[in-house]
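A.B. asks: Here it is, the structure in full.
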Amino acid sequence: MMRNVKELVWDYGIVIIGNFLLAAGVVLFILPNDVLTGGVAGIAVALFPIFHIPTDLMINALTIALFVLGALTLGKQFAIKTLLSTICYPVFISVLSSSVHAIEITDNQLLASIYGGVLMGAGVGLVFRTGASTGGMDIPPLIVNKITKWPLPTLVLVTDGLTVLLGALVYGVEAALIGIISVWLSSYVIDKTMMFGGQATKNVMIISKHQEEILQVIYQDLGRGATILEAKGSYTSENRPVLMVCVSKKQYPLLSHEISRIDPEAFVIVMDANEVQGYGFSYLEEM
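11 is the number of the first residue of the sequence shown in the numbering used here; add one for each residue after it.
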């Protein structure tokens, strides 16, 4: 029970930190430079010249309105997971807007797009790591996904693209091109933040007649284990075991060299594995 409480407190802390980084990216870089980006911040920037509603107020209003829409459409579980973000994000936007309005970090739209995208991506990525949502413009894609079953990543990309397109109609094509940089960087950093803590490795599949010799290299020289998969050649109908082994990137050249030495005719497939966890792949063990 105590462990569950600690995990809950940790997750809540991460959600709060994530929303702070998201708000900081918006207030320090996006809003002062009218950068067209995804999310409610992008909509607020795009609509300001039309309605002249202060961007921080519009962000807060859209965040709350979309939360209510999501709660009604997506159910109680969604509402519980998103409530903390819906409270924290508008509060951080308001506090930061009132306290750092005199601070000018940069008036270069390109730099603002880059650093704003990185900060927002890190913030959203941290929130996603806990299984929660930042609310806002995450909600329309979730609703459409529930109704149509269309792929969620595609819907998110379309939503952000439409937001930038809306801004292009007001600010012009060049502003939209700068905004796309922010959208792409934010998406990239979200992915990296969610994967942080795992270790990038190579997943190697080996078919060879000299299986035992290669296994000895894996055991003795690399200090790794391997999995033997039963396979059958479609053309020859012969049973051919496949060795599957995960090695760190710095170990792969040695494995590749030894396979070529033992069996030049070995059939080898190498794939990048974004994350591997477990014995032999923790940071300390690799050090």
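Cβ atoms here follow ideal geometry from the backbone N, Cα and C, with glycine treated the same way.
1. With a threshold of 6 Å on Cβ separation, who are the neighbours of L72 within its own chain once the five nearest residues in sequence on each side are excluded?
2. Do you know how far the Cα of R234 is from the Cα of G23?
3. Check this for me: beta carbons of V193 and G35, under 7 Å apart or not?
4. Going by DSSP, what residue range makes up the alpha helix (DSSP H) through T92?
5. In angstroms, rounded to a whole number, what distance separates the CA positions of S108 and N118?
6. Assuming the contact rule is C-beta atoms closer than 8 Å, L31 and L136 should be a hit. Round their C-beta distance to whole Å, please.
7. Got a sec? Which residues, its chain only, sit under 8 Å from T65 by beta carbon, not counting five neighbours each side?
8. So what's A283 in DSSP terms, helix, strand or just coil?
9. For T83, I'd like the list of residues in its chain whose CB is within less than 6 Å of its CB, leaving aside the five on either flank, ordered along the chain.
10. State buried or exposed for L179, treating a residue as buried only when at least 16 other CB atoms are found within 10 Å of its CB.
11. Hey, would you say R139 sits closer than 7 Å to M205, going by beta carbons?
12. Tell me whether P299 is buried or exposed, calling it buried when 16 or more other Cβ atoms sit within 10 Å of its Cβ.
13. Go ahead and label L129 buried or exposed: buried means 16 or more other beta carbons lie within 10 angstroms of its beta carbon, across all protein chains shown.
14. I need the DSSP call for V255, collapsed to helix, strand or coil.
15. Relative to the C-alpha of E268, which candidate in E223, A236, M254 has its C-alpha closest?
16. Count the other CB atoms within 10 Å of the CB of N70; is the residue buried (16 or more) or exposed (fewer)?
17. Could you pull the start and end residues of the beta strand (DSSP E) that I238 belongs to?
18. What do you reckon, are the CB atoms on Q261 and L225 nearer than 7 Å?
19. Please confirm if E17 has its CB atom under 7 Å from at least one CB of chain D.
20. With distance defined between alpha-carbon atoms, name the residue in E184, G133, L93, L195 nearest to I149.
21. Give the straight-line distance between the Cα atoms of D201 and V134, rounded to the nearest whole angstrom.
22. Within a Cβ cutoff of 7 Å, which residues of the same chain sit near M12, ignoring the five residues on either side of it in sequence?
23. What separation, rounded to the nearest whole angstrom, lies between the Cα atoms of V227 and A132?
24. Could you tell me the alpha carbon to alpha carbon distance between V105 and L120, rounded to whole angstroms?
25. Look at the Cβ atom of A236, then the Cβ atom of L264, and state whether they are nearer than 7 Å.
C.D. replies: Taking the geometry as given:
1. Start at 1 with the first residue of the sequence shown, and residue 72 comes out as number 62. Within the same chain, and ignoring the five residues on either side of L72 in sequence, the residues whose Cβ sits closer than 6 Å to its Cβ are V50.
2. Within the sequence shown, the letter at position 13 stands for residue 23. Within the sequence shown, the letter at position 224 stands for residue 234. Cα-Cα distance, rounded: 37 Å.
3. Stepping through the sequence shown from its first residue, residue 193 is reached at position 183. Stepping through the sequence shown from its first residue, residue 35 is reached at position 25. Cβ atoms of V193 and G35: not closer than 7 Å.
4. The residue given as residue 92 occupies position 82 in the sequence shown. DSSP places T92 inside the alpha helix (DSSP H), whose first and last residues are 86-109.
5. Along the sequence shown, read from residue 1 onward, the residue named residue 108 stands at position 98. Along the sequence shown, read from residue 1 onward, the residue named residue 118 stands at position 108. Between the alpha carbons of S108 and N118 lies a distance of about 22 Å.
6. Within the sequence shown, numbered from 1, the residue matching residue 31 stands at position 21. Within the sequence shown, numbered from 1, the residue matching residue 136 stands at position 126. That belief holds up - the Cβ atoms of L31 and L136 are roughly 7 Å apart, short of 8 Å.
7. Residue numbering aside, residue 65 sits at position 55 when the sequence shown is read from its first letter. The residues are L41, A51, A54, V55, F58.
8. Walking along the sequence shown from the start, residue 283 turns up at place 273. Residue state, collapsed to three classes: strand.
9. In the sequence shown, counting from the first residue as 1, residue 83 sits at position 73. So the list reads I153, once near-sequence residues are dropped.
10. Counted from its first residue, the sequence shown places residue 179 at position 169. Result: exposed.
11. The count along the sequence shown starts at 1 and reaches residue 139 at position 129. The count along the sequence shown starts at 1 and reaches residue 205 at position 195. Not a contact, by the Cβ cut-off of 7 Å.
12. The chain is shown only over 11 to 297; residue 299 falls outside these bounds and no answer can be derived.
13. Counted from its first residue, the sequence shown places residue 129 at position 119. Around the C-beta of L129, 16 or more other C-beta atoms lie within 10 Å, and the residue is accordingly described as buried.
14. In the sequence shown, residue 255 corresponds to position 245, counting from 1. Looking at V255 - three-state DSSP - the assignment turns out to be strand.
15. Here residue 268 is taken as the residue at index 258 of the sequence shown, counted from 1. For E268, the nearest C-alpha among the options comes from E223.
16. Along the sequence shown, one-based indexing puts residue 70 at 60. Residue burial annotation: N70 is buried, with at least 16 other C-beta atoms found within 10 angstroms of its C-beta.
17. Position 228 of the sequence shown, counted from the first residue, corresponds to residue 238. Unbroken beta strand (DSSP E) run through I238: 237-239.
18. As a position in the sequence shown, residue 261 is number 251, starting the count at 1. As a position in the sequence shown, residue 225 is number 215, starting the count at 1. No, they are not a contact pair.
19. Structure shown: chain D not included; a single protein chain is present.
20. For the purposes of this step, residue 149 is taken as the residue at position 139 of the sequence shown. Of E184, G133, L93, L195, the residue nearest in Cα terms is L93.
21. Within the sequence shown, residue 201 is the residue found at index 191, counting from 1. Within the sequence shown, residue 134 is the residue found at index 124, counting from 1. Roughly 10 Å separates the two Cα atoms.
22. Locating residue 12 in the sequence shown gives position 2, where the first residue counts as 1. Note that M12 has pLDDT 49, beneath the 50 cutoff, so the model's placement of it is unreliable and no number is given.
23. Position 217 of the sequence shown, counting from 1, holds the residue named residue 227. Position 122 of the sequence shown, counting from 1, holds the residue named residue 132. Looking at the two C-alpha atoms, the distance is approximately 40 Å.
24. Stepping through the sequence shown from its first residue, residue 105 is reached at position 95. Stepping through the sequence shown from its first residue, residue 120 is reached at position 110. Taking the straight line from one Cα to the other gives about 25 Å.
25. As a first step, residue 236 must be located in the sequence shown, where it is residue number 226. As a first step, residue 264 must be located in the sequence shown, where it is residue number 254. One thing to note: A236 has its Cβ no nearer than 7 Å to the Cβ of L264.
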